[in-house]
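Numbering of the sequence shown is given in full-length UniProt numbering, commencing with residue 1 and proceeding in unit increments.
From the three backbone atoms N, C-alpha and C, an ideal C-beta is built for every residue, glycine too.
Just so you know, these numbers come straight off a predicted model, no measurement behind them.
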Amino acid sequence: MPELPEVESVRAGLARHLTGRRVADVEILDPRPLRRQDGGPEAFAQALRGRVITGAARRGKFLWLPLDDGRALSAHLGMSGQLLVRGTAAPAAAAAPGAPLSPPGESPPDLTATRAPSLVRDLSSHPRHLRIRLLLAPRPGDSPGGAALDLVDQRMLGGMRVTELVPTLDGAPGGQGSPEPLVPADAAHIARDLLDPALDWAAAVARARSSRRAIKTVLLDQGIISGIGNIYADEGLWHGGVHGSRRTCALSRQAVERVLRATGGVMERALAVGGTSFDALYVDAEGAPGYFARSLAVYGRAGRECRRCGATLRSEVIGGRSHTSCPRCQRRARDARMTRAGRPL
Numbered sequence: 001m002p003e004l005p006e007v008e009s010v011r012a013g014l015a016r017h018l019t020g021r022r023v024a025d026v027e028i029l030d031p032r033p034l035r036r037q038d039g040g041p042e043a044f045a046q047a048l049r050g051r052v053i054t055g056a057a058r059r060g061k062f063l064w065l066p067l068d069d070g071r072a073l074s075a076h077l078g079m080s081g082q083l084l085v086r087g088t089a090a091p092a093a094a095a096a097p098g099a100p101l102s103p104p105g106e107s108p109p110d111l112t113a114t115r116a117p118s119l120v121r122d123l124s125s126h127p128r129h130l131r132i133r134l135l136l137a138p139r140p141g142d143s144p145g146g147a148a149l150d151l152v153d154q155r156m157l158g159g160m161r162v163t164e165l166v167p168t169l170d171g172a173p174g175g176q177g178s179p180e181p182l183v184p185a186d187a188a189h190i191a192r193d194l195l196d197p198a199l200d201w202a203a204a205v206a207r208a209r210s211s212r213r214a215i216k217t218v219l220l221d222q223g224i225i226s227g228i229g230n231i232y233a234d235e236g237l238w239h240g241g242v243h244g245s246r247r248t249c250a251l252s253r254q255a256v257e258r259v260l261r262a263t264g265g266v267m268e269r270a271l272a273v274g275g276t277s278f279d280a281l282y283v284d285a286e287g288a289p290g291y292f293a294r295s296l297a298v299y300g301r302a303g304r305e306c307r308r309c310g311a312t313l314r315s316e317v318i319g320g321r322s323h324t325s326c327p328r329c330q331r332r333a334r335d336a337r338m339t340r341a342g343r344p345l
């Protein structure tokens with residue numbers, strides 16, 4: 001399932017291509033992704049026709065497109081969902097952080113060599129597993145075939161719906177890309193994520209430590225910290241030096257915060273290269289995959305050497321989910337050493 005870096009890559013692309021665009025019409029090729037829409041498919045189409053998309057926002061793995069009538073088009077990608085933009089005029093590329101500005105009258109420098117390679121997937125006019133298509137009102141520079149936003153979903157475990165926006169519980173902005181203190185009603189229960197500037201770190205650590213569950217399971221709980229899935233949970237635990245089976249309540253505050261900070265750091269590095277893609281299902285809004293898979297330390301590497309100590313990585317199941325760890329760098333509870341102060345790691 002796409003996790004925070006992959007969903008954020010999609011959100012950023014949607015914001016570039018769709019902000020200010022008007023929905024001209026809606027084509028529903030398969031109504032199943034609209035199973036949670038009040039009023040069904042016709043209500044969905046009617047709610048979107050003529051509406052202007054005012055931005056793109058995200059909290060954890062949850063996406064929404066605010067609309068000019070105060071509601072939002074919310075979307076969850078599930079296991080295989082893709083939101084693909086096609087036919088829009090190419091937005092201006094943002095300058096790289098710290099890049100010098102060009103003198104007046106001169107062309108900007110060519111930064112192509114500094115970007116990750118782009119492998120564009122199937123962006124044909126009728127891709128396989130196309131379920132919903134939003135036709136966009138034409139603009140100069142759009143392709144002759146018109147511009148659209150497509151929901152492509154092979155397994156259809158995600159979905160879309162038009163929903164009301166409700167105030168955030170803490171009064172802070174709803175999420176990345178949203179300055180307003182609003183979230184979709186169906187996302188109000190989702191906790192803030194590790195890359196959210198409004199995250200209360202002390203409260204997040206306290207919530208995690210209040211659980212008697214394994215820390216791997218707690219990291220996957222979207223009501224405690226959102227956006228983390230199996231990939232970044234394993235990576236964060238390895239970087240934080242904690243085995244996923246350790247009970248969170250038995251860990252020190254410092255250890256839990258270390259794991260959360262490490263997980264956030266991994267996701268930031270993944271986001272810089274578009275996230276982690278293993279196959280054609282994990283692509284951004286323009287159809288390009290991410291390149292972080294080549295940097296993974298433990299996920300998917302069971303039986304190979306630990307990048308830190310050389311021990312053979314092991315895989316097991318914790319709370320119904322696979323967990324890859326290093327037996328030397330990440331001690332299980334019965335093997336965990338005590339600090340000099342006699343406090344648990």
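Pick out whichever of the options has its Cα sitting closest to the Cα of residue i.
i           : options            : result
residue 324 : 250, 272, 233      : 233
residue 258 : 57, 209, 326, 164  : 209
residue 255 : 4, 236, 271        : 236
residue 315 : 309, 304, 191      : 304
residue 132 : 308, 28, 253       : 28
residue 72  : 88, 19, 243, 322   : 19
residue 222 : 192, 268, 56       : 192
residue 32  : 244, 139, 151, 138 : 151
residue 347 : 188, 195, 164, 211 : Here the chain has residues from 1 to 345 only, and residue 347 is not among them.
residue 89  : 271, 137, 332      : 137
residue 171 : 199, 154, 146, 164 : 199
residue 217 : 59, 328, 322, 15   : 322
residue 24  : 87, 134, 241       : 134
residue 243 : 47, 149, 214, 52   : 214
residue 311 : 4, 238, 127        : 238
residue 231 : 43, 211, 292, 21   : 292
residue 17  : 240, 165, 179, 149 : 149
residue 329 : 320, 317, 307      : 307
residue 253 : 268, 266, 228, 207 : 207
residue 143 : 87, 188, 240, 168  : 87
residue 246 : 229, 219, 228, 265 : 219
residue 47  : 30, 57, 70, 212    : 70
Pull the bridge partners of residue i from the DSSP assignment, please.
i           : result
residue 73  : 65, 162
residue 190 : Answer is none; residue 190 lacks a bridge partner.
residue 81  : 153
residue 167 : 182
residue 256 : Its beta-bridge partners do not exist; DSSP assigns none.
residue 247 : 214
residue 305 : 312
Can you tell me which of the three DSSP states residue i falls into?
i           : result
residue 5   : helix
residue 293 : helix
residue 107 : Low confidence applies to residue 107: its pLDDT is 38, below 50, so where it sits in the model is not reliable, and the reading given next is rough at best. Three-state result, residue 107: coil.
residue 348 : Look at the range of the chain in this structure, 1 to 345, and you will see that residue 348 is not part of it.
residue 195 : coil
residue 25  : strand
residue 272 : helix
residue 263 : helix
residue 134 : strand
residue 56  : coil
residue 324 : strand
residue 317 : strand
residue 16  : helix
residue 47  : helix
residue 86  : strand
residue 202 : helix
residue 346 : Lying before the first or after the last residue shown, residue 346 is absent from the chain, which here runs from 1 to 345.
residue 99  : Any reading at residue 99 needs caution, since the residue's pLDDT is 34, under 50, leaving its predicted position unreliable; the model's value is listed next. Residue 99 falls in the coil class under three-state DSSP.
residue 341 : Note on residue 341: pLDDT 41, under 50, position unreliable in the model; no value is reported.
residue 118 : Note that residue 118 has pLDDT 36, beneath the 50 cutoff, so the model's placement of it is unreliable and no number is given.
residue 11  : helix
Hey, is residue i close to the ligand MN, as in C-beta under 7 Å from one of its heavy atoms?
i           : result
residue 295 : Questions concerning the ligand MN fall outside what the structure shown contains, since it holds no ligand whatsoever.
My parser needs the alpha helix (DSSP H) runs of 4 or more residues fully inside the segment 204 to 232; what are they? The segment 204 to 232 contains, as complete alpha helix (DSSP H) runs of 4+ residues, the segments 215 to 219 (chain order).
Are the segment 203 to 212 and the segment 294 to 303 touching by the rule of at least three beta carbon pairs closer than 8 Å? Inter-segment contact for the segment 203 to 212 and the segment 294 to 303 is absent: fewer than three beta-carbon pairs are separated by less than 8 Å.
Any contact between the segment 27 to 40 and the segment 160 to 174? By contact I mean 3 or more CB pairs, one from each, below 8 Å. yes
Does the segment 76 to 91 come into contact with the segment 5 to 17, if we say contact requires no fewer than three beta-carbon pairs (one atom in each stretch) closer than 8 Å? yes
Report yes or no: do three or more beta-carbon pairs, one from the segment 54 to 64 and one from the segment 183 to 198, lie closer than 8 Å? These segments touch.
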